[in-house]
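Using full-length UniProt numbering, count along the sequence shown one by one with no gaps and you end on 262. Glycine is no exception: its CB is placed at the ideal position from the N, C-alpha and C atoms. Here the structure is a predicted model, which means the values were calculated and not measured.
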Amino acid sequence: MARPPRRIERRRARVTSCPSCERPPASHEPPPQAASGCVRAPPDRKDPNVAAPTTSRFAIAWMNNWHYAARTVPTDLSDGYNGQMSIVRELKLARQPGGWYSLLSQPVPTLQNHVVRTVNLADVTTAGSVNLPYNGSAYQLDLDISWQQLNNVGISVGRSADGSRHTNIGVFQGDVYVDRRPSDRPEYTFGAYGQSNAPIDPAARFVHLKVLVDKQSVEVFVNAGHTVLSHQVYFETGDTGISVYADGSSATFSGITIREFA
Numbered sequence: 001m002a003r004p005p006r007r008i009e010r011r012r013a014r015v016t017s018c019p020s021c022e023r024p025p026a027s028h029e030p031p032p033q034a035a036s037g038c039v040r041a042p043p044d045r046k047d048p049n050v051a052a053p054t055t056s057r058f059a060i061a062w063m064n065n066w067h068y069a070a071r072t073v074p075t076d077l078s079d080g081y082n083g084q085m086s087i088v089r090e091l092k093l094a095r096q097p098g099g100w101y102s103l104l105s106q107p108v109p110t111l112q113n114h115v116v117r118t119v120n121l122a123d124v125t126t127a128g129s130v131n132l133p134y135n136g137s138a139y140q141l142d143l144d145i146s147w148q149q150l151n152n153v154g155i156s157v158g159r160s161a162d163g164s165r166h167t168n169i170g171v172f173q174g175d176v177y178v179d180r181r182p183s184d185r186p187e188y189t190f191g192a193y194g195q196s197n198a199p200i201d202p203a204a205r206f207v208h209l210k211v212l213v214d215k216q217s218v219e220v221f222v223n224a225g226h227t228v229l230s231h232q233v234y235f236e237t238g239d240t241g242i243s244v245y246a247d248g249s250s251a252t253f254s255g256i257t258i259r260e261f262a
């Protein structure tokens with residue numbers, strides 16, 4: 001069984017300026033050439049969305065932690081950098097049925113150009129834990145999870161052969177979470193900060209997850225991209241398995257599709 005995630009107090013981040021023009025949001029107006037906002041693809045840059053080069057919006061972030069600042073970490077050895085870039089995301093503002101708007105993000109479609117193999121797995125219904133017949137270290141995993149009543153449900157990626165190491169992604173008490181603590185290595189531990197949470201409708205009985213696993217990171221896109229959680233995870237050799245779990249009652253894992261990257 002997966003260890004239930006701990007509860008985390010959430011704090012709201014205050015936006016003090018627009019990241020592109022550095023004006024305070026209260027006085028911010030888009031420049032004339034932009035349809036909305038002020039972050040757009042410059043015409044002199046090759047845009048990931050060639051169909052709409054001047055109206056698409058993208059985001060990319062540097063993944064690191066001050067805990068690693070003065071240390072040598074695995075990305076130093078593999079890539080020459082202390083840290084790594086996130087997956088490039090396309091941002092969209094979508095009107096919801098209730099009349100309000102959500103900022104959605106998804107991996108850019110051109111990421112699929114790097115898929116070398118697609119694996120479709122059979123649906124799984126369990127009230128415990130089941131190992132999936134797949135091993136890999138760089139892939140996109142899409143799946144739907146549905147349930148009626150349960151305490152904790154999710155998937156484990158980067159699972160070692162004996163099951164002692166893994167990163168959990170799931171839903172627990174009104175939160176969606178990524179918990180990398182079972183994958184922690186003593187020399188790179190985050191200590192008490194190895195888990196991130198975001199709220200999800202407590203009445204929900206369904207969630208869609210898109211999980212991007214790389215050799216040193218895990219990024220999770222929830223439902224249509226309403227929430228994204230990104231973690232550095234320093235997997236050890238052999239941490240390539242995937243399992244699904246449900247505590248408290250049964251859950252069904254369906255539409256399991258794995259797109260493997262070179």
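Pair within 8 Å by beta-carbon distance, I60 and Y134
In this structure, I60 keeps its C-beta atom at 8 Å or more from the C-beta atom of Y134.
Should Q173 go down as buried or exposed, given a rule of 16 or more other Cβ atoms within 10 Å for buried?
With fewer than 16 Cβ atoms within 10 Å of its Cβ, Q173 is classed as exposed.
At what residues does the alpha helix (DSSP H) containing D76 begin and finish?
It spans P74 to D79 - the alpha helix (DSSP H) in which D76 sits, taken as one unbroken run.
Which residue wins for smallest C-alpha separation from Y193, given the options S183, G163 and T126?
Ranking S183, G163 and T126 by Cα distance to Y193 puts S183 first.
Out of curiosity, what's the CA-to-CA distance linking Q96 and Q84?
Q84 has its alpha-carbon roughly 33 Å from the corresponding atom of Q96.
Buried or exposed for V116, please, with buried defined as at least 16 other CB atoms from any protein chain shown within 10 angstroms of its CB.
Around the beta-carbon of V116, fewer than 16 other beta-carbon atoms lie within 10 Å, marking it exposed.
Quick one: complete beta strand (DSSP E) runs, 3+ long, within the stretch 198 to 240?
At a cut-off of 3 residues, the continuous stretches assigned as beta strand (DSSP E) that sit fully inside the stretch 198 to 240 are 206 to 214, 217 to 222 and 227 to 232.
How big is the Cα-Cα spacing for Y101 and T237?
Rounded to the nearest angstrom, the two C-alpha atoms are 43 Å apart.
Report the partner residues of T167 according to the DSSP bridge assignment.
DSSP output for T167 lists V157 as bridge partner(s).
Could you tell me whether the Cβ of W100 comes closer than 8 Å to any Cβ of chain D?
In summary, chain D is missing from the structure at hand, where a single protein chain is found.
Using 10 angstroms around the beta-carbon of D162, count the other beta-carbons present and answer buried if the total reaches 16, otherwise exposed.
Exposed, because fewer than 16 other Cβ atoms sit within 10 Å of the Cβ of D162.
How do the stretch 119 to 130 and the stretch 199 to 212 stand: do at least 3 beta-carbon pairs fall below 8 Å, yes or no?
The stretch 119 to 130, when compared against the stretch 199 to 212, does not touch it at the 8 Å Cβ threshold.
For D142, the first and last residue of its enclosing beta strand (DSSP E):
Looking at the DSSP string, the run of the beta strand (DSSP E) that includes D142 is Y139 to W147.
Stretch pair the stretch 252 to 260 + the stretch 144 to 151: three plus CB contacts closer than 8 Å
Contact between the stretch 252 to 260 and the stretch 144 to 151 is present: 3 or more CB-CB pairs across the two stretches fall below 8 Å.
Span separating the alpha-carbon of Q149 from that of A70
Each residue's Cα considered, the two are about 46 Å apart.
Nearest residue (CA-CA) to N168, options S217, D201, P186 and Y188:
Taking the Cα of N168 as reference, the smallest distance to any Cα among S217, D201, P186 and Y188 is reached at S217.
Starting from A192, trace the beta strand (DSSP E) both ways and give me its first and last residue.
Note, A192: premise wrong, no beta strand (DSSP E); not H, not E.
How big is the Cα-Cα spacing for L104 and P199?
Each residue's Cα considered, the two are about 15 Å apart.
Look at V233 and G158 and say whether their C-beta atoms are less than 8 Å apart.
Using a Cβ distance threshold of 8 Å, V233 and G158 count as a contacting pair.
Determine the direct distance from the alpha carbon of V73 to that of H67, and round the result to whole angstroms.
Cα-Cα distance, rounded: 11 Å.
Let's test the definition: count the other Cβ atoms within 10 Å of the Cβ of H231 and tell me whether it reaches 16, buried, or not, exposed.
Around the C-beta of H231, 16 or more other C-beta atoms lie within 10 Å, and the residue is accordingly described as buried.
Residues bridged to R185 (per DSSP):
DSSP links R185 through a beta bridge to no other residue.
Cutoff 8 Å; reference S78; Cβ partners in own chain excluding five residues on either side:
Counting only Cβ-Cβ distances below 8 Å, and skipping sequence neighbours, we find K215 and Q216.
What separation, rounded to the nearest whole angstrom, lies between the Cα atoms of L91 and V220?
Roughly 15 Å separates the two Cα atoms.
State buried or exposed for N152, treating a residue as buried only when at least 16 other CB atoms are found within 10 Å of its CB.
So N152 counts as buried.
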